[in-house]
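This report concerns only the one structure given below.
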Amino acid sequence: MKLKGKDLLGIEGLDREEIELLLSTAESFKEVSEREIKKVPTLRGKTIINLFYEPSTRTRTSFEIAAKRMSADAVNISVSTSSASKGETLRDTAMNLGAMRPDCIVVRHSSSGTPEMLSRYLSCPVVNAGDGAHEHPSQALLDMLTVRERKGAIEGLKVSIIGDIVHSRVARSNIYGFTKMGAEVTVAGPPTMLPVGIERLGCRATSSMEEAVRGADVIMMLRIQLERQSESFFPSAREYSRLYGLDETKLKNAKEGVIILHPGPINRGVEISPEVADGPYSVILDQVTNGVAVRMAIFYLLVGGAREEHHV
Amino acid sequence: MKLKGKDLLGIEGLDREEIELLLSTAESFKEVSEREIKKVPTLRGKTIINLFYEPSTRTRTSFEIAAKRMSADAVNISVSTSSASKGETLRDTAMNLGAMRPDCIVVRHSSSGTPEMLSRYLSCPVVNAGDGAHEHPSQALLDMLTVRERKGAIEGLKVSIIGDIVHSRVARSNIYGFTKMGAEVTVAGPPTMLPVGIERLGCRATSSMEEAVRGADVIMMLRIQLERQSESFFPSAREYSRLYGLDETKLKNAKEGVIILHPGPINRGVEISPEVADGPYSVILDQVTNGVAVRMAIFYLLVGGAREEHHV
Amino acid sequence: MKLKGKDLLGIEGLDREEIELLLSTAESFKEVSEREIKKVPTLRGKTIINLFYEPSTRTRTSFEIAAKRMSADAVNISVSTSSASKGETLRDTAMNLGAMRPDCIVVRHSSSGTPEMLSRYLSCPVVNAGDGAHEHPSQALLDMLTVRERKGAIEGLKVSIIGDIVHSRVARSNIYGFTKMGAEVTVAGPPTMLPVGIERLGCRATSSMEEAVRGADVIMMLRIQLERQSESFFPSAREYSRLYGLDETKLKNAKEGVIILHPGPINRGVEISPEVADGPYSVILDQVTNGVAVRMAIFYLLVGGAREEHHV
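Chains as they are written, first to last, in this note's numbering: chain F, 9 to 320; chain E, 9 to 320; chain H, 9 to 320.
Structure (structure tokens):
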């Protein structure tokens, strides 16, 4: 079985079977990272380019480790958007990279739609590692893998995503993913951070934190970009924290066995209190571990999957 | 057969047989990048350092991919010239890197002669990846490979190089290369961009675009460094484009079957019109593909060539 | 035999047997870098992260080459301290990296104690590649290896460390190392650069250059951070050089067969004259070569040593 498209541009374009394929493939790769010798030969002789127009140590490192554990050659390219390729068009960048015959390009860019545009000019698979406020599909996949692992199944769960929904590609990818998998998704945040019409994606929206937490099986807290938006969208970090920060008091209304996710890096004491971040219900570090496995699965299915019978 | 010197510092120092050896070796490596498994074990256990004092995503990536497809270990070092090694002399940098026992150092630097100076202090091969306005030999080799591929032979061709000749290491390396291979080279550009006495390199010089294009088998357009020189050397990008930019009208005077090269990244609408850049005579993407093969050949001949009978 | 701790945080925490184990292991790895094929399979499938909060081309390159010659996968992360992980705490950074299951993290940071703090949150080994003015253990090990190689043994040697002792992690690690190995250590520098109470580490301190040089078997000159401290700690580079710079005249009082070390990069004409830096007693380049071997030994003993019987 394989994915239908040549790329992974977003969760919106996947159907439930494809998501399940990605999750179960990732599950089978998890043990590679727990071995003494963390390496499978699956992608030997493949070139994977990590093309990052936004700095992201964490995501780039996860993709790079995934590529190397599959025995691929990983090549990192960081472009500061200011000097982006000396004014070269994105189409020219795509076609030039393609001419070097990579087997996959992982791209992060501050503009929505960049991975899709690249993919049009490239015969190799393109993986979206985050584009503007659009999608971040590998993040949603690792979130779903983490939830499925802890809860057994995603179907029927109440999932609440809380924070700056309007700017969050993580939120969008997760709304698509969890609703496709049969969960009930609620998004919550200050009214200024809730996009108008978000319900059309199949979720409920509320600006009541209490409502979002009550009865939730899964709570996903989003990072507040203190450096960027604090002034325009809410009065102060303290104000935000008081109303929408998750602490143990607010958490009491959640369902027993609730689990807490966060895409990281966390702002301790702003959107999440230290007690919650480090508490027994927190699965934040599982997310990071699952991130490597999910990215191995993405590479396997897009780069190596169609051509091989088995991978280990 | 092998190269005479230990380094590749420029095309000036090569004779025709060496250029032919490099081109035919590159040809034999081209198919590696078209394989399912893009990897040969030739340089396993060799350390190749990419030492870049000027940022260059494109050239560094090409060298890095070439090294990895040969199974070498590639180590990237980028030095911002401003903080260059905390004031260490170039000689000390060379000797320190040499003490780590690399098998090859690829160097790009804004000062002409830097690779030559490094090579004096290093027993390992040094490859010039562009030094000031001096030479960029791997670029000229990939250009020659591309022309030979399309035209069958280089001997007797009319090759015109158009643009900012005075600042262009690409132009210099190509003048050396194409004249050594028996082509007739014409360089063209605004009078302020034509170096005095350039004819001594064996080429003709003209400031007439029409003259440069008429009867040409090969036209190589150079990148205009808009960010740097526009004010001093010509009145405006629009003015430059009108006089020296290649478009379909100007191209009509070229020979039938003319091919268009450009070292990239291109400024669409400045030195080259989109129609020409994307037209059927454009071989710009072939150049990029051939770049990887040429760099594999350079590594093979300098690092692995003398010691092995066959490479695949 | 193996090291007692899981990490290499400093020389202070090692006993003499452990230092000797590290040195003799490094000696056995030296020949790998002199081979035609510079590679052993010892750490295949291991992930080594180089986490550098301070830029350091030289040290990072040495660790990266060491990792690759052991067949490990090396992943470089450079963090500018200013934007350090978007305000994430160091503990969170540690736990997140740990969740990706690296086999070793090499860390450099401008704050003393950072590697120790990281190690508390990580089950994998942590190697200190320099923390503030605290320690730089791999540097001291390569210094000791170089001295032992040249002098046969360290026991009983007179070792003088000269320069900015107060800010130097290299000095601290070497004071610990050489005194543990039975050498007599003297530190020297302008009074403003001699830490109060440094004698408690087991060394003598003097602000007399003549006293430091007289009878020395080993002289280690430290780099003066011209860019940072010149104004506050001594009147001028010229003044410093006249009083504490090592030249051939001052060197005459040293013991016959004296050897000169410097951690690099050197300021020619400031703390060391060109004649001395390039003279026959200089072992500066040996230090660099030994650096790769020492780092291979560190990786072997921490990552691969406990689990394997032989390494080549």
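Ideal placement from N, C-alpha and C gives every residue a C-beta, glycine not left out.
Since we're looking at a predicted model, the values are computed, not measured.
Next item on the list: Leaving aside the five residues before and after S88(E) along the sequence, list all residues of the same chain whose C-beta is less than 6 Å from its C-beta, in chain order.
Entry: The residue you call residue 88(E) lines up with position 80 of the second sequence. Around S88(E): no qualifying Cβ.
Note to self: Less than 9 Å between the beta carbons of K340(H) and I267(H), yes or no?
What the structure shows: As displayed, chain H neither begins before 9 nor continues past 320, which places residue 340(H) out of reach and without an answer.
Next item on the list: Just grab the DSSP bridge partners of L59(H) for me.
Entry: In the third sequence, counting from the first residue as 1, residue 59(H) sits at position 51. I85(H) and V115(H), per the DSSP bridge assignment.
Notebook entry, point to check: Which residue comes first and which comes last in the alpha helix (DSSP H) that contains A161(E)?
Noted result: As a working note, residue 161(E) is residue 153 in the second sequence. Looking at the DSSP string, A161(E) is not in any alpha helix (DSSP H), and its letter there is neither H nor E.
Notebook entry, point to check: With respect to the alpha helix (DSSP H) encompassing D100(F), which residues constitute its N-terminal and C-terminal limits?
Noted result: As a position in the first sequence, residue 100(F) is number 92, starting the count at 1. From DSSP, the alpha helix (DSSP H) with D100(F) extends over L98 to A107.
Notebook entry, point to check: What residue from G197(F), L202(F) and P282(F) has the CA that sits closest to E247(F)'s CA?
Noted result: Against the first sequence, residue 247(F) aligns to sequence position 239. Ranking the options by Cα distance to E247(F), first place goes to G197(F).
Next item on the list: Check whether the Cβ atoms of P133(F) and D111(F) sit closer than 9 Å, and answer yes or no.
Entry: Along the first sequence, read from residue 1 onward, the residue named residue 133(F) stands at position 125. Along the first sequence, read from residue 1 onward, the residue named residue 111(F) stands at position 103. In this structure, D111(F) lies closer than 9 Å to P133(F) by Cβ.
Item checked: Within chain H, the residues that N104(F) reaches when beta carbons sit closer than 9 Å -> The count along the first sequence starts at 1 and reaches residue 104(F) at position 96. Within 9 Å Cβ-Cβ: nothing; N104(F) doesn't reach chain H, min ~24 Å.
Notebook entry, point to check: Does DSSP put T65(F) in a helix, a strand or coil?
Noted result: Position 57 of the first sequence, counted from the first residue, corresponds to residue 65(F). Three-state result, T65(F): helix.
Checklist line | Near-chain E residues of the stretch 29 to 51 of chain H (beta-carbon distance less than 8 Å), N- to C-terminal order | finding: S41, E42, R43, E44, I45, K46 and K47
Notebook entry, point to check: Which residue from P145(E), N298(E), E283(E) and R231(E) puts its Cα closest to that of I19(E)?
Noted result: The count along the second sequence starts at 1 and reaches residue 19(E) at position 11. Of the candidates P145(E), N298(E), E283(E) and R231(E), the one whose C-alpha sits nearest the C-alpha of I19(E) is P145(E).
Margin query: Just to confirm the assignment: which complete beta strand (DSSP E) runs, minimum length 3, are found wholly within the stretch 203 to 227 of chain E?
Written below: 212 to 214
Check: Can you tell me whether DSSP reads I274(F) as helix, strand or coil?
Finding: Indexing the first sequence from 1 puts residue 274(F) at position 266. Here I274(F) sits in coil by DSSP.
Margin query: Taking 7 Å as the limit between beta carbons, can you name the residues of its chain near S119(E), skipping five residues before and five after?
Written below: By one-based count along the second sequence, residue 119(E) stands at place 111. Hits under 7 Å: D139 and G140.
Item checked: Sequence-distant residues of the same chain with beta carbon closer than 8 Å to L98(H), five excluded per side -> Translated into the one-based positions of the third sequence, residue 98(H) becomes position 90. Cβ within range, chain order: T122, M125 and L126.
Next item on the list: Give a yes or no on contact between the stretch 248 to 264 of chain E and the stretch 274 to 292 of chain E, applying the rule of three or more CB pairs nearer than 8 Å.
Entry: yes
Checklist line | Neighbour flag for T65(F) against chain E, beta carbons, 9 Å | finding: As a first step, residue 65(F) is located in the first sequence; it is residue number 57 there, counting from the start. Closer than 9 Å: no.
Checklist line | Alpha-carbon spacing of D81(H) relative to V48(F), whole angstroms | finding: The sequence position of residue 81(H) within the third sequence is 73, counting from 1. The sequence position of residue 48(F) within the first sequence is 40, counting from 1. Taking the straight line joining both Cα atoms gives about 13 Å.
Margin query: In the DSSP output, what is V290(E) paired with across the bridge?
Written below: Position 282 of the second sequence, counted from the start, is the residue given in the question as residue 290(E). At residue 290(E) the sequence reads Ser, which differs from the Val that was named. I268(E).
Item checked: Where V320(F) falls, given that 16 or more other Cβ within 10 Å makes a residue buried -> Here residue 320(F) refers to the residue found at position 312 when the first sequence is read from its first residue. Since pLDDT at V320(F) reaches only 38, below the 50 mark, its modelled position is unreliable, and the value read off the structure follows with that caveat. When all chains shown are included, V320(F) counts as exposed.
Item checked: Pairwise C-alpha distance: M228(E) and H270(E) -> Within the second sequence, numbered from 1, the residue matching residue 270(E) stands at position 262. Within the second sequence, numbered from 1, the residue matching residue 228(E) stands at position 220. Looking at the two C-alpha atoms, the distance is approximately 6 Å.
Check: For I170(H) versus L254(H), is the C-beta distance shorter than 9 Å?
Finding: Along the third sequence, read from residue 1 onward, the residue named residue 170(H) stands at position 162. Along the third sequence, read from residue 1 onward, the residue named residue 254(H) stands at position 246. Yes, the pair counts as a contact, with Cβ atoms nearer than the cut-off.
Notebook entry, point to check: Taking buried to mean at least 16 other C-beta atoms within 10 Å of its own C-beta, is A161(H) buried or exposed?
Noted result: The count along the third sequence starts at 1 and reaches residue 161(H) at position 153. Answer is exposed; the Cβ neighbour count stays below 16.
Item checked: Identified DSSP bridge partners for N136(E) -> Walking along the second sequence from the start, residue 136(E) turns up at place 128. N136(E) is bridged to V115(E).
Check: Is the Cβ-Cβ distance between R116(E) and R68(E) less than 9 Å?
Finding: Indexing the second sequence from 1 puts residue 116(E) at position 108. Indexing the second sequence from 1 puts residue 68(E) at position 60. Cβ atoms of R116(E) and R68(E): closer than 9 Å.
Item checked: Contact list for the stretch 76 to 91 of chain H against chain E, Cβ threshold 9 Å -> K76, R77, A82 and N84
Next item on the list: Starting from the beta carbon of M108(H), find every residue of chain F whose beta carbon is closer than 8 Å, and list them in chain order.
Entry: By one-based count along the third sequence, residue 108(H) stands at place 100. Within chain F, the residues near M108(H) are S41, T69, S70, I73, V296, T297, G299 and V300.
Check: Does DSSP classify L51(E) as helix, strand or coil?
Finding: Within the second sequence, numbered from 1, the residue matching residue 51(E) stands at position 43. Three-state result, L51(E): coil.
Margin query: Just to confirm, is the Cβ distance from I45(E) to K54(F) under 9 Å?
Written below: For the purposes of this step, residue 45(E) is taken as residue 37 along the second sequence, with counting starting at 1. For the purposes of this step, residue 54(F) is taken as residue 46 along the first sequence, with counting starting at 1. Going by C-beta atoms, I45(E) is nearer than 9 Å to K54(F).
Next item on the list: Name, please, each residue of chain E whose Cβ falls closer than 9 Å to the Cβ of L293(H).
Entry: Translated into positions along the third sequence, residue 293(H) becomes position 285. In chain order: M103, N104, G106 and A107.
Notebook entry, point to check: Hey, out of M201(E), L165(E), P203(E) and D172(E), whose CA is closest to G185(E)'s CA?
Noted result: Position 177 of the second sequence holds residue 185(E). If we check each option's Cα against that of G185(E), L165(E) comes out closest.
Note to self: Could you compute how far the alpha carbon of T104(E) sits from the alpha carbon of N182(F)?
What the structure shows: On the second sequence, residue 104(E) is found 96 positions in, with the first residue counted as 1. On the first sequence, residue 182(F) is found 174 positions in, with the first residue counted as 1. The sequence given here places Asn at residue 104(E); Thr does not occur at that position. Rounded to whole angstroms, N104(E) to N182(F) spans 50 Å at the Cα level.
Note to self: Which residue marks the beginning of the alpha helix (DSSP H) containing A285(H), and which one marks its end?
What the structure shows: One-based indexing of the third sequence puts residue 285(H) at position 277. Element bounds for A285(H): P282 to A285.
Next item on the list: Between the Cα of R231(F) and those of H175(F), R222(F) and E219(F), spot the shortest distance and give me the residue it belongs to.
Entry: Mapped onto the first sequence, residue 231(F) falls at position 223. Selected option, being the one with the closest Cα: H175(F).
Checklist line | Local conformation of E143(F) per DSSP, three classes | finding: Translated into positions along the first sequence, residue 143(F) becomes position 135. E143(F) falls in the strand class under three-state DSSP.
Check: Per DSSP, what kind of secondary structure is E44(F) in: helix, strand or coil?
Finding: Against the first sequence, residue 44(F) aligns to sequence position 36. If DSSP states are grouped into helix, strand and coil, E44(F) belongs with coil.
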